[in-house]
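Heads up: the sequence lines are chains G and Y, in that order. Quick note on numbering: the first sequence equals residues 1 to 463 in this note's numbering. Quick note on numbering: the second sequence equals residues 464 to 720 in this note's numbering. Glycine included, each C-beta is placed from N, C-alpha and C at the ideal position. So the structure is just underneath, and the comments pick up after that.
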Amino acid sequence: MKDSPARITLEEWDARYAELRVAGLREPWYGGPLRRHVDEGGDYRLLRLRYDNSAAALRLWNFLLTEEDRLKEARRQGKKLVGAMKDLGTVPVMAYSLANVTAFYPDGAWWIPCVMELSSRDLEIADSLGIDESFCPVRAMLGAFLTEAHFPIPDLLTCNVGATCDDFSAIAQRLNGLGFPILWWETPHRRQPDSAAGEESVPLPGGLIAPREQVDFVRSELERVRGAIEEVAGGRLDDAALRDGIRVANRMRRVLAELRQLAYSAPVCPIPALEMLIAEMLALHFCSDREEAIRVLEELLEEARRRVGEGVGPLRKDAVRVFWVNPVADLRAMNILEDCGGRVCGTEYLFSHALDPIPEDVAPMEALARTALADPMVGPCSDRADRICRDIQLFGAEAVLVSRIPGASHCAVEGAVIHETVRKRLGLPVQEIEVPPLCDAVAPTIRTRIEALIEIVKGRRKP
Amino acid sequence: MIFGGIDAGSRAIKAVLWDLKRGEVLASGVCDQGVRQEALAHDLFQKLLDDAGIGADDVERTVATGYGRNLIGFADATITEITCHARGVRHLAPEARTVIDIGGQDSKVIRLSAKGMVQDFAMNDRCAAGTGRFLEVVSARLGVEAGELGDLASRSISPAPISSMCVVFAETEIVGLLASGAPPEDIVAGVQHSIAQRVAGMAGRNVEEPVLFTGGVALVSGMAAALEAVFKKPVRVAANPQFTGALGAALLAASHS
């Protein structure tokens, strides 16, 4: 069996899977060939993607694509389900601190139109409810709630609002209006402490600061969420349980941090962009099984370590190192970058606060409040641009790609701010692309921009 | 040694034969774009070879660029139009620091270093506002040839205000302006101003001089003036602006051989 790393198609995965089985592949209950997600689940986009050929990547994909099954099983077992909307890594940490509660991320439905190539009709349902394509593709969530085809209706639905995304807030309000009660919790626009007025400055994850007043406010909002989770769970969510929950979440974040460090800084890229995107997403909500999510990432990390040690990877050694900003609505975009001769060296998918360790040296609710307030979306664009510049230097990126999400209000101006900051501070070329849920029709345009970016970097490399 | 450059644009295919030894263009030509892109490009290229009195074997290497570049199977390599335009401009006006290229369906602003290397670029998004398509719409609505638009615009006293956001909306505005009796020359001048504004918005605040204007739309008289008015900087039209990308492709073919 050939074990050299490669990016392969779904068709090639059929043969690869057979090879791995013959070689003694041991799989968890959700294992199996990738193709079954097309045949049984209608995930037609998988036919057009290219994947890493490792057993670890297979497990990652299978884990991701069986979340619906896990949620149904959790419901069958009588577990309470918390749908944590517009929440990137805070409420799930609280929810998983209780044994009989599972949290998930209904916003994840924004990828369903892509993965199922619009066959799920979720966007059409959103259209019929007046939430048309001028809104972010996360509107697909409305269809998912109404059809109940992708996840069970949660026992508790929370939504973070305030200085977050306008589109999301509008979509969630529409959902509320359709008869799905939501517990709203607010995060204010993060600001600098007013030292002249004697405001206490509180350190947040990611090197940020906020005034004590804001941290206290978010903590009080999260206390309401804690109360609601306790009510649904029928048990107390005490500080000791929360501390344990934070500790486990941080274990996962540490695994991911090491994986990112290896994948983005190694001379030869060990893990492709698509698998890294999914790995990073696991940090938000654990794909409905916290312990298994950690094991899945650990296996991927092990594969990355092996490849880095051997100096091998699925991409060329001279691939142009690109820092990627914002997640994409169509997963194929990540493939396109690599097809054009690039590799991802650093990301800022609007949830960098979910990758940073949650403070363990303060009271747990204080720690979670600080984490929530470090959300890149609730702060000024300049804070985000600062972090991007810092991480670009950390990972040695040579260019920046800002991926816009059609209709997403938070993307309106931040691209220009990031572009200007990166250009002035680091002198790197920056390109913006817009990636709709299915990018096939605009793929030539996206490809041209990425190829040109890569040509610029290669031109700069020449002595 | 002869090198070929083919720019398969959205509206037209342009081709250039470059004589490296003599340092000059041996032949150039243009034809309308169509469904059978490769066949059209092949026929055009063959015509150039015939005009120059050489055979295909005499061409050392050919580079294809433009949005249809990947369909030109007989090219030896493909390079994006951004890099090719920059290379063409470096040859025509090495001092240029900004390139404004407006073609049939897209427009771009390319920032060059002092050595003529691409520093950064911006392209229009999905809408054809700020491109030659806008001029085609207005010429169809007014019943005039594209080549007459510049002369018409030069007679305008008061350019009509037209949205720069969307070609479809703008067409509706043109219909409304015609219905309200706005003179055609003011409408054309308004469209030219609108295109210039769109391109300026794309360029942002960092437009360094000298500015060179390339692409088929640079052939439309009045457009350079409209850009100058919006950018508040001198804008020079490149020599044979439509061929800048193809020339750059041929020059890159020579340098990569």
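Between the alpha carbons of G:SER382 and Y:ARG553 lies a distance of about 35 Å. Listed in chain order, the non-local C-beta contacts of Y:ILE465 below 8 Å within the same chain comprise LEU480, TRP481, ASP482, LEU483, LEU489, ALA515, ILE517, ASP521, VAL522 and GLU523, local neighbours out to five positions each way being set aside.
Apart from the 5 residues on each side of it in sequence, G:GLY143 sits with its Cβ closer than 6 Å to the Cβ of ASP122, ILE125 and ALA126 in its chain, given in chain order. Listed along the chain, the chain G residues whose CB falls inside 7 Å of the CB of Y:VAL581 are ILE456 and GLY459.
Rounded to the nearest whole angstrom, the CA to CA distance from Y:GLN705 to G:ARG316 is 36 Å. Between the segment 182-200 of chain G and the segment 155-162 of chain G there are three or more inter-stretch CB-CB distances shorter than 8 Å, so the stretches are counted as touching. Every alpha helix (DSSP H) stretch that sits fully inside the segment 39-89 of chain G and reaches 4 residues is listed by chain position as 55-64 and 67-76.
A distance below 7 Å separates the beta carbons of Y:ASP649 and Y:SER619. Residues of chain Y whose Cβ lies closer than 9 Å to the Cβ of G:GLU338 do not exist; the shortest such Cβ separation is about 17 Å. The count of Cβ pairs closer than 8 Å, one atom from the segment 64-79 of chain G and one from the segment 271-288 of chain G, reaches three, so the stretches are in contact. Here G:VAL435 is not near G:VAL320, since their CB atoms are 7 Å or more apart. C-alpha of Y:HIS505 to C-alpha of Y:PHE537: approximately 8 Å in a straight line.
Look at Y:ALA709 here: in three-state DSSP terms it is helix. Residue state for G:PRO154 is assigned as coil, using DSSP reduced to three classes. Annotated three-state conformation of Y:VAL607 is coil, per DSSP. Think of a sphere of 8 Å around the beta carbon of Y:THR525: no beta carbon from chain G falls inside it, the nearest being about 18 Å out. If you draw a straight line from the Cα of Y:ALA603 to the Cα of Y:GLY613, it comes to about 15 Å.
For the pair of segments examined, the segment 413-423 of chain G was found not to touch the segment 292-305 of chain G: the number of CB pairs separated by less than 8 Å stays below three. Look at G:VAL435 here: in three-state DSSP terms it is coil, with no helix or strand label. For G:ASP386 and G:VAL215, the gap between their C-alpha atoms comes out near 21 Å. Taking a C-beta distance under 7 Å as the contact criterion, Y:GLY529 and Y:LEU507 do not qualify as a contact pair. The Cβ of Y:THR546 sits closer than 7 Å to at least one Cβ of chain G.
Around the beta carbon of Y:ALA687, 16 or more other beta carbons lie within 10 angstroms, which makes this residue buried.
Residue pairing by DSSP places G:ALA103 opposite G:VAL82 in a beta bridge. When the five nearest sequence neighbours on each side are left out, the beta carbons in the same chain lying within less than 6 Å of the beta carbon of G:GLU348 are those of VAL325 and ILE388, in order along the chain. In this structure, the CA atom of Y:THR525 is about 45 Å from the CA atom of Y:VAL638. Within the same chain, VAL630 and GLU634 come within 7 Å of Y:VAL600 by CB-CB distance, once the 5 residues on both sides are set aside. Only exposed fits Y:LYS578, as fewer than 16 other CB atoms lie within 10 angstroms of its CB.
Taken through DSSP and simplified to helix, strand or coil, G:ASN160 comes out as strand. Looking only at Y:ARG661, Y:GLY551, Y:LYS696 and Y:GLY467, the smallest Cα-Cα distance to Y:LYS571 is reached by Y:ARG661. A distance below 7 Å separates the beta carbons of G:MET276 and G:ALA263. Taking G:LEU274 as reference, the option from G:TYR51, G:ARG21 and G:ALA95 with the minimal CA-CA separation is G:TYR51. Its Cα nearest to that of G:ASP330, the residue G:ARG45 stands out among G:ARG305, G:ARG7, G:ARG45 and G:ARG35. Under the Cβ criterion of 7 Å, Y:THR707 is not counted among the residues facing chain G. G:PRO205 is positioned such that its CB atom lies no closer than 7 Å to that of G:GLU199. For G:GLY396, there is no enclosing alpha helix (DSSP H), since its DSSP letter is neither H nor E.
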